[in-house]
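Participant:
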Amino acid sequence: MGQEELYANCTLCPNNCRVDRLSGRRGVCGETSEIRIAWAGLHRGEEPPLVGDRGSGMVFFCGCPLHCAYCQNYQISTAGGAGITVDEEELACIFTGLQEMGARTLNLVTGTHYVPSVINALEIGRKKGLTLPVVWNSSGYESVDTLRLIDPYIDLYLLDAKTLCRDTASRFCGREGYADAIIPVLSFLKRRHPATDMDRLKGVLVRHLVFPGTERQTEDFLKYFAENFRENFLLSLMVQFVPPLENPGFEPLSKEAYSRLLDAVDVLGLDGFVQEQGENEILWIPDFNRDNPFPEGFAEPLPYFLDLK
Ligand code: SF4
Numbered sequence: 000m001g002q003e004e005l006y007a008n009c010t011l012c013p014n015n016c017r018v019d020r021l022s023g024r025r026g027v028c029g030e031t032s033e034i035r036i037a038w039a040g041l042h043r044g045e046e047p048p049l050v051g052d053r054g055s056g057m058v059f060f061c062g063c064p065l066h067c068a069y070c071q072n073y074q075i076s077t078a079g080g081a082g083i084t085v086d087e088e089e090l091a092c093i094f095t096g097l098q099e100m101g102a103r104t105l106n107l108v109t110g111t112h113y114v115p116s117v118i119n120a121l122e123i124g125r126k127k128g129l130t131l132p133v134v135w136n137s138s139g140y141e142s143v144d145t146l147r148l149i150d151p152y153i154d155l156y157l158l159d160a161k162t163l164c165r166d167t168a169s170r171f172c173g174r175e176g177y178a179d180a181i182i183p184v185l186s187f188l189k190r191r192h193p194a195t196d197m198d199r200l201k202g203v204l205v206r207h208l209v210f211p212g213t214e215r216q217t218e219d220f221l222k223y224f225a226e227n228f229r230e231n232f233l234l235s236l237m238v239q240f241v242p243p244l245e246n247p248g249f250e251p252l253s254k255e256a257y258s259r260l261l262d263a264v265d266v267l268g269l270d271g272f273v274q275e276q277g278e279n280e281i282l283w284i285p286d287f288n289r290d291n292p293f294p295e296g297f298a299e300p301l302p303y304f305l306d307l308k
C-alpha cells in the first residue's frame with residue numbers, strides 16, 4: 000500500500016474513523032489529507048539538549064486526534080484552526096530551512112494524523128541534505144501500526160502519558176480510550192528504544208502532566224512507570240495545568256500534594272525532570288495569530304514559513 004492510501008480509509012490513530020481523507024472528508028482530528036501547518040521556527044523553550052545554541056526547529060501541525068479540555072494550542076488543534084496548506088515538497092523545504100537556520104533538532108509537534116506525508120517529506124528532505132535528529136513530539140494517542148511506520152525516522156520521542164484512568168481520560172482528554180491506547184504505545188517504544196540518552200538525542204522522554212484533583216492517579220502512574228520503564232525512559236513530571244478558558248474553576252495543585260509527588264518520584268528512583276510549581280504559567284500559552292506565537296526572545300519564525308503564509 001502506498002503511503003497516501005493510508006488516508007483513504009483512515010485508521011492512523013486509535014479513533015479509527017475510517018473516513019476517506021483523500022476525498023476531503025474529516026475524522027475526529029479535523030483534517031483532510033491536505034497538510035496544514037500552524038507554525039514553523041526556532042524555539043528555545045524545550046529541554047536544553049534539544050535546543051543547542053539557536054533553538055529546536057519546531058513544526059506545529061494543525062488538527063489533533065485528541066480533544067483535551069485544557070489544550071494550550073486550541074487555536075490550531077480544533078477543526079478549521081489557523082494554519083497554512085503545504086505540499087510534501089514545501090514541508091521538506093521547511094525541514095531543511097530550519098536546519099539552515101541553525102536548529103539543533105527537527106521537532107515535529109502533533110504529526111500523528113499526517114504520518115504518511117511526514118514520511119514522504121522526510122525522504123525528500125534527506126535527499127536535499129536534511130541530517131537533523133528528528134523528535135516526535137506527541138500526545139501519546141497513537142496507533143502502534145502507525146508508530147511502526149514513522150519509528151525508523153525518529154531519534155527521540157517526547158511523548159505525553161496523560162493517564163491510565165479511563166474516567167480521567169474522558170474528563171480531561173475527551174477520549175476515555177486514551178487510557179487503554181497509551182499502554183501498548185509505551186510497550187512498543189520500550190522494545191524499539193530500550194535506552195534513553197538525552198545528550199545523544201536518543202530514546203524516549205515521557206511527559207506526565209498532573210491534572211487537578213487526580214494526584215492519586217498520578218501516583219498510580221508513577222508506580223506503573225517505575226515498574227515497567229524506569230530503566231528505559233526518562234520522566235518529565237509537569238505540574239503547570241492551565242485551566243480551559245470556559246472552565247477556569249479548577250483548584251490548583253496544593254503545596255502538600257506537590258511535595259508528596261516529589262517524594263514519590265524520589266522513592267521510586269525515577270530519573271528525568273520535575274517542573275517547579277509556579278514556573279512559566281500563562282506565558283507559555285502561544286498565540287498562533289501572531290508571526291511569533293511565543294514570548295519574545297524564546298522563538299523565531301522560519302522566514303520561508305512566513306513567505307508561504
Ligand atoms: S487520524 Fe484523524 S481521521 Fe484518521 S483515525 Fe485519527 S482522528 Fe480519525
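Okay, so the sequence shown: first residue is 0 according to numbering that gives the first Met the number 0, each after it adds one. All residues carry an ideal CB built from backbone N, CA and C; glycine is no exception. Remember, predicted model here, so these are calculated numbers, not experimental data.
1. Starting from PRO300, trace the beta strand (DSSP E) in both directions and tell me its first and last residue.
2. Can you give the Cα-Cα distance for ASP144 and THR104, rounded to whole angstroms?
3. Could you tell me whether the stretch 139 to 154 touches the stretch 42 to 52, using the rule of 3 or more Cβ pairs below 8 Å?
4. According to the neighbour-count rule (16 or more other Cβ atoms, all chains shown, within 10 Å of its Cβ), is SER22 buried or exposed?
5. Is it true that the CB of VAL264 sits closer than 8 Å to the CB of LEU236?
6. If we ignore side chains and look at the alpha-carbon of each, how far apart do SER116 and GLU87 end up?
7. Give the single residue among LEU307, LEU305, LEU301, ASP306 whose Cα lies nearest to the Cα of GLY101.
8. Near SER186, which residues of its chain fall below 6 Å by C-beta distance, leaving aside the five closest residues on each side in sequence?
9. By how many angstroms is the C-alpha of PHE297 removed from the C-alpha of ARG174?
10. Given ILE281, which residues of its chain have a CB within under 6 Å of its CB, disregarding the five upstream and five downstream residues?
11. Entirely within the stretch 176 to 229 and at least 3 residues each: give me those beta strand (DSSP E) ranges in chain order.
12. Give me the residue from TYR6, CYS67, GLU218, LEU97 with the minimum Cα distance to TYR113.
13. Quick test of your reading: ALA160 and HIS192, contact by CB under 8 Å. State the CB separation rounded to the nearest angstrom.
14. Taking ASP159 as part of the beta strand (DSSP E), name the residues at either end of that continuous run.
15. What residues are listed by DSSP as bridge partners for PHE60?
16. Taking PRO132 as the reference, which of LYS126, GLU141, GLY139, LEU107 has the closest Cα?
17. For chain D, is any of its Cβ atoms less than 8 Å away from the one on HIS112?
18. Indicate, with yes or no, if the ligand SF4 has a heavy atom lying under 7 Å from the CB of VAL326.
19. So is the beta-carbon of LEU11 under 7 Å away from any non-hydrogen atom of the ligand SF4?
20. Could you give the distance in angstroms between the alpha-carbon of CYS12 and the alpha-carbon of PRO183?
21. Mind checking whether TYR156 and PRO64 have CB atoms under 8 Å apart?
22. I need the DSSP call for GLY124, collapsed to helix, strand or coil.
23. Just how far apart, CA to CA, sit ASP198 and PRO151?
24. Reducing DSSP to helix, strand and coil, say where VAL18 ends up.
25. Between ASP19 and VAL205, what straight-line distance do the alpha-carbon atoms span, to the nearest angstrom?
26. According to DSSP, is LEU236 helix, strand or coil?
27. Measuring only from the beta carbon, is GLY26 closer than 7 Å to any heavy atom that is part of the ligand SF4?
28. Using CA atoms only, rank isn't needed, just tell me which of SER142, GLN74, GLN216 is closest to ALA256.
29. Whose C-beta lies closer than 8 Å to the C-beta of GLY79 among residues of the same chain, with five residues either side of it excluded?
30. Quick check: is any heavy atom of the ligand SF4 less than 7 Å from the C-beta of HIS66?
31. The beta strand (DSSP E) spanning VAL108 covers which residue range?
Facilitator: Looking at the coordinates:
1. Here the beta strand (DSSP E) through PRO300 covers 298 to 300.
2. C-alpha separation (whole angstroms): 25 Å.
3. Between the stretch 139 to 154 and the stretch 42 to 52 there are fewer than three inter-stretch CB-CB distances shorter than 8 Å, so the stretches are not counted as touching.
4. Its Cβ having fewer than 16 others within 10 Å, SER22 is exposed.
5. Contact: yes.
6. Straight-line Cα distance between these residues: approximately 6 Å.
7. Ranked by Cα distance from GLY101, the options LEU307, LEU305, LEU301, ASP306 are led by LEU301.
8. Cβ neighbours of SER186 beyond the five flanking positions: none.
9. Straight-line measurement puts the Cα of PHE297 at about 32 Å from the Cα of ARG174.
10. Confidence in ILE281 is poor, its pLDDT being 48 and thus under 50, which makes the residue's placement unreliable; the coordinate value appears in the next sentence. Excluding residues within five positions, none has a Cβ falling inside 6 Å.
11. Within the stretch 176 to 229, the complete beta strand (DSSP E) runs of at least 3 residues are 202 to 208.
12. Of the candidates TYR6, CYS67, GLU218, LEU97, the one whose C-alpha sits nearest the C-alpha of TYR113 is TYR6.
13. Rounded, the Cβ-Cβ distance is 14 Å, inconsistent with contact.
14. Where ASP159 is concerned, the enclosing beta strand (DSSP E) stretches over 155 to 159.
15. In DSSP, PHE60 forms a bridge with ILE36.
16. When only C-alpha atoms are compared, the closest one is LEU107.
17. In the displayed structure, chain D is absent; only one protein chain is listed.
18. Nothing in the structure corresponds to residue 326, since the chain is present only between 0 and 308.
19. True, at least one ligand heavy atom lies under 7 Å from that Cβ.
20. Spanning the two alpha carbons is a distance of roughly 13 Å.
21. In this structure, the beta-carbon distance from TYR156 to PRO64 does not fall below 8 Å.
22. Three-state result, GLY124: helix.
23. ASP198 and PRO151 have their C-alpha atoms roughly 20 Å apart.
24. Look at VAL18 here: in three-state DSSP terms it is coil, with no helix or strand label.
25. Cα to Cα, the separation comes out at about 32 Å.
26. Strand.
27. Inclusion of GLY26 in the 7 Å shell around the ligand SF4 follows from its C-beta lying nearer than that to a non-hydrogen atom of the ligand.
28. Of the candidates SER142, GLN74, GLN216, GLN216 places its Cα closest to the Cα of ALA256.
29. Cβ-Cβ distances below 8 Å link GLY79 to GLY29 in the same chain, with the five nearest sequence neighbours on each side left out; the list follows chain order.
30. HIS66: no, Cβ never under 7 Å from the ligand SF4.
31. That run of the beta strand (DSSP E) goes 105 to 108.
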